[in-house]
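As structure tokens, the structure follows; a few thoughts come after it.
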Amino acid sequence: MNATRAKSRNAPVGPSPFAVEAAPLPRDKFSDPLLTAKGEQRASVPLEKLDTLWLNTGTLCNLACATCYIESSPTNDALVYLSRAHAAGYLAEAKGMGTREIGFTGGEPFMNPDMLGMLEDALGGGFEALVLTNAMKPMRRHEAALLGLHERHGDRLTLRVSLDHHSREVHEGERGQRSWEPAIEGLRWLSENGFSIAVAGRLLPEEGEPAARDSYAALFECEGIAIDARDPARLVLFPEMDEEKDIAEITTECWGILGKSPSDIMCASSRMVVHRKGEASPRVVACTLIPYDDGFDLGETLAEASGDVPLNHPHCARFCVLGGASCSA
Ligand code: SF4
Ligand code: SF4
Numbered sequence: 005m006n007a008t009r010a011k012s013r014n015a016p017v018g019p020s021p022f023a024v025e026a027a028p029l030p031r032d033k034f035s036d037p038l039l040t041a042k043g044e045q046r047a048s049v050p051l052e053k054l055d056t057l058w059l060n061t062g063t064l065c066n067l068a069c070a071t072c073y074i075e076s077s078p079t080n081d082a083l084v085y086l087s088r089a090h091a092a093g094y095l096a097e098a099k100g101m102g103t104r105e106i107g108f109t110g111g112e113p114f115m116n117p118d119m120l121g122m123l124e125d126a127l128g129g130g131f132e133a134l135v136l137t138n139a140m141k142p143m144r145r146h147e148a149a150l151l152g153l154h155e156r157h158g159d160r161l162t163l164r165v166s167l168d169h170h171s172r173e174v175h176e177g178e179r180g181q182r183s184w185e186p187a188i189e190g191l192r193w194l195s196e197n198g199f200s201i202a203v204a205g206r207l208l209p210e211e212g213e214p215a216a217r218d219s220y221a222a223l224f225e226c227e228g229i230a231i232d233a234r235d236p237a238r239l240v241l242f243p244e245m246d247e248e249k250d251i252a253e254i255t256t257e258c259w260g261i262l263g264k265s266p267s268d269i270m271c272a273s274s275r276m277v278v279h280r281k282g283e284a285s286p287r288v289v290a291c292t293l294i295p296y297d298d299g300f301d302l303g304e305t306l307a308e309a310s311g312d313v314p315l316n317h318p319h320c321a322r323f324c325v326l327g328g329a330s331c332s333a
């Protein structure tokens, strides 16, 4: 965590409990979009259909988690608040492309003053909406508006709450002191009010997925949270990411070797809009995971951003291809 983030109130004090154990990444890897360090042809992913359009609402967050991939904190506005007017242009373009779902991610989306307006526009426009939130105070300020959206749009609105672990100790090791109780209370409020909800969690290095699902199930039962922890769409357990640690590069041969298809990878079906500080208008990047790398900035419009994506980043390998993860529901 950088110095500014570490100074944030309640920021975690020690190393992340989810730290990736691996050698440092050699510098010649992920340096050429066409070829790997061994000179093999790098894999790329064509956009098949823009099923999910992510709107990054801005990097400001009420937390400063130890391994936040987007480096959010109460002071980091590297991605500024996306405006409702800018979002509306992308919603209109996505409508013409047959997009099903609008995802909202941050930072903490409910810190953006236009968040409820953008959500209203997305749901009113006939899209499904998925909001990634920590369910803490910024979300709780909008209870009345959220209840209204739920009444009008039902399960087309899903809120996915980050609960990094089923234990308070590990969750707070990553997210900072006093981050557990408010998240549980927010999740319980959503559940009691019948919202479509999901949880995003993580696995400790030695923790197997079945055991983790059992422990989350026990927690949900104890807290009265109506989530089936065995349903991978309702409890999403993410693989870890660390762009500074060594990982294999993905070549065109890997699809056959791994028994995977480019269609399985999330940049085959999604893009993300970001508004970087100092830029007049938003840009479209390949995915939710790589907002700052010029190589993944694909253009200003969704049409411009519809080309193939070379898998030229450690996250492509560790999270998507080898980890098998997708940010969408
Ligand atoms: S709550 Fe999410 S966006 Fe905010 S610092 Fe933690 S991981 Fe990052
Ligand atoms: S991180 Fe994943 S979704 Fe993003 S560009 Fe790489 S393979 Fe695609």
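Everything in the sequence shown is counted per my numbering, starting at 5 for the first residue and increasing by one. Using N, Cα and C, we set each Cβ at its ideal position, and we do this for glycine too.
Per the coordinates, the alpha-carbon of residue 267 lies some 30 Å from the alpha-carbon of residue 169. Where residue 223 is concerned, the enclosing alpha helix (DSSP H) starts and stops at 213–227. Non-local beta-carbon contacts of residue 236 in its own chain, meaning distances under 6 Å to residues more than five positions away in sequence, are absent.
Annotation for residue 130: 99 place their beta carbon closer than 8 Å to its own, counting only its chain and skipping 5 residues before and after. Note on residue 178: 16 or more other CB atoms within 10 angstroms of its CB, so buried under the neighbour-count rule. Secondary structure in the region 133–171: the beta strand (DSSP E) runs of 3 residues or longer, each lying completely within the stretch, are 161–166 in chain order.
In the three-state reduction of the DSSP assignment, residue 15 falls in the coil class, being assigned neither a helical nor a strand state. The beta carbons of residue 34 and residue 317 sit closer together than 7 Å.
The Cβ atoms of residue 133 and residue 120 do not sit closer than 7 Å to each other. Across the structure, residue 160 and residue 315 are spaced so that their CA atoms are roughly 32 Å apart. Every alpha helix (DSSP H) stretch that sits fully inside the region 240–318 and reaches 4 residues is listed by chain position as 258–262.
CA-CA distance, residue 251 to residue 292, rounds to 20 Å. A straight-line Cα-Cα distance of about 30 Å links residue 176 and residue 279. Taking residue 82 as reference, the option from 312, 269, 228, 63 with the minimal CA-CA separation is 63. Counting C-beta pairs closer than 8 Å gives fewer than three between the region 63–73 and the region 37–47, which falls short of the contact rule. DSSP, read as helix, strand or coil, puts residue 128 in helix. From the listed residues 111, 222, 287, the smallest Cα separation to residue 68 is found for 111. Apart from the 5 residues on each side of it in sequence, residue 117 sits with its Cβ closer than 8 Å to the Cβ of 85 in its chain, given in chain order.
Between residue 166 and residue 204, the C-beta spacing is below 7 Å. According to the DSSP assignment, residue 205 belongs to the beta strand (DSSP E) that extends over 200–206. The bridge partners DSSP lists for residue 60 are 109. Following the DSSP letters along the chain, one finds residue 192 inside the alpha helix (DSSP H) bounded by residues 184–196. Bridge pairing for residue 84: absent [DSSP].
In this structure, residue 150 keeps its C-beta atom at 7 Å or more from the C-beta atom of residue 106. Sequence-distant partners of residue 269 (beyond 5 residues in either direction) whose C-beta falls short of 6 Å from its own C-beta, in its chain, are 49, 324. Proximity to residue 209 across 259, 14, 26, 294 peaks at 26, based on C-alpha coordinates. 72 is the residue among 148, 309, 59, 72 whose C-alpha sits nearest the C-alpha of residue 15. No heavy atom of ligand 1 is found nearer than 6 Å to the CB of residue 258. DSSP, reduced to helix, strand and coil, places residue 38 outside both helices and strands of the structure shown, so it counts as coil.
The beta carbons of residue 305 and residue 288 sit about 7 Å from each other, so the pair counts as a contact at 8 Å.
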